[in-house]
């Protein structure tokens, strides 16, 4: 028994059912041309060129005792924050710092637990301690925006830009990344220019969309979010860890390009400007799996996780 | 530095700021009559009668090694499932069974890992093994429905009924509970009548609204969800735990009324038909905390967690 049917169990049940009927399953390509596909069927029919490899110059590895968290950066939306986080990673700023906050249904956050104490704070050498906010940017029609037709509570238009959930406002001419599960942003104080990437957070709960355009988002977790989302929740206000002994150490934060090729996680992400992604969104809207008795007929932007996989698998 | 400002840190900063200005803070009641209140201020101004105690006949305690999970039941929406889960609890059906599924950004699920094996399955004595679905119910205007004005991607109308997030469709005359974080439902197989409460799940990720009207929801976690949401994610398909040694044992699942009063968690929940709740929703829409530089101006139903607290605190 299960709610939902995203997994292999349903897929294999469906295949078993098809074989029981004595029907030969159509080739993947033929099936993909039909209409009532499931999510699993759409992905099975994807072509190699529907996937793009992560760029090592644009990928971070957050190394924890629990494992590696792979983060894809979004320089199109937050060029200065991405450059600064890369500079921080390259000066090994985060190594030995810690996860300082684990708030249930909200965020996991890392940085320097002693940041407010000049005597103890980790020194930033080449990177900038703070930056002007990059809450949004000008619309750019040269970059494909996959728009969802189903509406959104918070923004006039939502969809995907190169794998990232994003919103757009044609009236103001602005676009911005949105706070779906797994998005990575820069913490800040009360002013817009008080963040910069030295303290960062990942969404581990229901999408806190009220944070949109209040924080600079600059990436998303592509793999390994369970190493963050399953951490013990901290008892302090806002989920901050108050006992230094409970801080969760960061072994290192590295740019993939700075890691020997043999130690990299070769990941690829489904292209959100592909026909396969359009079909995937449609499959998420229709939920054609046998398990679904009431088809939702609509889909919300944060309910379309962009598929990622180990290269070629 | 932080995203968001729900906690005491911001509240105390604000108070410090007010005192620095030499301004006497208005009494809670006066402040609550003004418009630009924060969430913390609205709650501070709540009156005793804005809270209702959990009914022990309508409250479950799921006891795990990590602690107690308190679940409020929703007989208005799922009377038969609530009665059956209570019957299962009273025959101690769940004691010694286990959490069998932990799927990241989705659900934690418990039940009998051997349910499919007649030789090993736990026997259901007085309760029913399955029930007809209670996906939705007829609208009932005698029961207050706190409607949100901000729209919804999935339903014509959403809001709250007696503490539970719910949707309503005036055209069909139906209403139903919706899959926000912490909602509790009955797993099922491919047919509508294949669930019944012997295998249950809790939402621990972004609201999987495509499950609305596909599963019977019958409660919500009021306290202790961190004992579920921080469990290690399972590696099996759909997050099922494949190695029996990795199952997470349930010490017991009890109706609060069956627990000695001294061992109960005396919780109360903010009344969603109160003026205070109306102000709380407005505060979540406006986000008047100093930290918010861009006011969202809108709020989505699953971004309004209904406040709960230990009685009288």
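Chains as they are written, first to last, in the numbering used here: chain A, 22 to 334; chain B, 22 to 334.
All residues carry an ideal CB built from backbone N, CA and C; glycine is no exception.
The structure displayed is predicted, hence computed values, not measured ones.
Fewer than three beta-carbon pairs drawn from the segment 141 to 161 of chain B and the segment 302 to 315 of chain B are found closer than 8 Å, and the two stretches are therefore not classed as touching. Against chain A, the beta carbon of residue 234 of chain B has neighbours under 9 Å at 314, 315 and 317, listed in chain order. A Cβ of chain A is located within less than 9 Å of the beta carbon of residue 247 of chain B. Counting along the chain, residue 103 of chain B sits inside the alpha helix (DSSP H) bounded by residues 100 to 111. The C-beta separation of residue 199 of chain B from residue 233 of chain B comes to about 5 Å, placing the pair in contact by the 8 Å criterion. When Cβ pairs closer than 8 Å are counted between the two stretches, the segment 118 to 130 of chain B is seen to touch the segment 231 to 251 of chain A, the count reaching three or more. Within the model, the alpha-carbon separation for residue 175 of chain A versus residue 101 of chain B is close to 36 Å.
Closest in alpha carbon position to residue 236 of chain A, among A:229, A:209 and A:224, is A:209.
Restricted to the segment 231 to 270 of chain B, the beta strand (DSSP E) segments that are unbroken, complete and at least 3 residues in length are 237 to 244, listed in chain order. Contacts with chain B at 9 Å (Cβ-Cβ) do not include residue 102 of chain A. At a C-beta separation below 7 Å, residue 323 of chain A has these neighbours in chain B: 227. By a beta-carbon distance limit of 8 Å, residue 202 of chain A contacts residue 227 of chain B. Their separation comes to about 5 Å. Interface annotation, residue 114 of chain B: not in contact with chain A, CB-CB separation never under 9 Å. DSSP places residue 306 of chain A inside the alpha helix (DSSP H), whose first and last residues are 296 to 307. Residue 213 of chain B reaches chain A at 314, counting residues in chain order whose Cβ is nearer than 7 Å. With its beta carbon at least 9 Å from every one in chain B, residue 192 of chain A lies outside the interface. The C-alpha of residue 281 of chain B lies about 12 Å from the C-alpha of residue 287 of chain B. With respect to chain A, the C-beta atom of residue 250 of chain B has a partner C-beta closer than 9 Å. Spanning the alpha carbons of residue 145 of chain A and residue 221 of chain A requires a straight line of approximately 15 Å. Counting only the Cα atoms, residue 80 of chain B lies some 17 Å from residue 182 of chain B. Looking at the DSSP output, residue 273 of chain A sits in a beta bridge with A:84. Under the DSSP assignment, residue 198 of chain A falls in the beta strand (DSSP E) whose first and last residues are 195 to 198. Between the beta-carbon of residue 89 of chain B and that of residue 289 of chain B there is about 16 Å, and that puts the pair past the 8 Å contact cut. Contact between the segment 177 to 191 of chain B and the segment 127 to 141 of chain B is absent: fewer than three C-beta pairs spanning the two stretches fall below 8 Å. Closest by C-alpha distance to residue 82 of chain A, out of A:295, A:244, A:331 and A:283, is A:244.
At least one CB of chain A lies nearer than 9 Å to the CB of residue 201 of chain B.
By the rule that beta-carbons nearer than 9 Å mark a contact, residue 177 of chain B does not touch chain A. Boundaries of the beta strand (DSSP E) harbouring residue 291 of chain B: 288 to 291, taken from the DSSP string. In the assembly as shown, residue 164 of chain A is an exposed residue. Its beta-carbon has fewer than 16 other beta-carbons within 10 Å.
In this structure, the beta-carbon distance from residue 218 of chain B to residue 185 of chain B does not fall below 9 Å.
Judged by DSSP secondary structure, residue 62 of chain A falls within the alpha helix (DSSP H) whose first and last residues are 60 to 65. Residues of chain A whose Cβ lies closer than 8 Å to the Cβ of residue 126 of chain B are, in chain order, 202, 203, 246, 250 and 326. Residue A:322 holds the alpha-carbon nearest to the alpha-carbon of residue 170 of chain A among A:326, A:271, A:329 and A:322. Proximity of chain A to residue 156 of chain B at the Cβ level (cut-off 9 Å) is accounted for by 314 and 315, in chain order. Bounds of the beta strand (DSSP E) holding residue 186 of chain A are 185 to 190. Taking a contact to require three or more Cβ pairs closer than 8 Å, the segment 104 to 118 of chain A and the segment 272 to 281 of chain A qualify as touching.
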